[in-house]
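In what follows, a structure is listed as structure tokens, so that the remarks can point back to it.
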Amino acid sequence: MNSATSDHESWLYAITPRYPKAKRLTSTKLPSFELIHFSDLSRTAALGARLLITPLLAGISLEILFIGDPSKANKFTSLVAAPGLLLQRLTTASPSDEQIEVALHALKAAVARDSEAMEAN
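For the sequence shown, my numbering puts the final residue at 1049, and the numbers step up evenly by one.
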């Protein structure tokens, strides 16, 4: 039995969930700042305008995420979410077993290091 097989049978691999690639509740949307053109303003004014509009855009984005909640899905929200889900399908891939193995080893090392730091304090 090689190390990859033994790791796959370990408790870490057993707790690794398998999820679909496409998720409705993600914020992978077109950056809103690129839709707002501030070229007529000075650099300072453009920065100030962007800082002022950020909370508004964040709130609107959050509401859009809530509307797209799969538990409340209807035909309209499914239609609105379809382009984003298609883009996710084109731009994402499920991790390979080797990638999961590396991630689990990194997690294990981070947890061990964190535990050592907690014990030292």
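C-beta atoms are modelled at their ideal positions from N, C-alpha and C, and glycine is treated no differently.
Buried versus exposed, by CB contacts within 10 Å (16 or more), residue i
i, result
"Glu1029", "buried"
"Ala1009", "buried"
"Leu958", "Note on Leu958: pLDDT 48, under 50, position unreliable in the model; the coordinate value appears next. Answer is exposed; the Cβ neighbour count stays below 16."
"Asn930", "With a pLDDT of 49 at Asn930, under the threshold of 50, the predicted position of this residue should be treated as unreliable, and no value is reported."
Beta-carbon contacts of residue i that lie in its chain and below 6 Å, excluding the five residues immediately before and after
i, result
"Gly987", "none"
"Ala1038", "none"
8 Å CB neighbourhood of residue i in its chain, flanking five on each side removed
i, result
"Arg971", "none"
Give, in chain order, every unbroken run of the alpha helix (DSSP H) that is at least 4 residues long and sits entirely within the stretch 969-1019. 971-995 and 1003-1019
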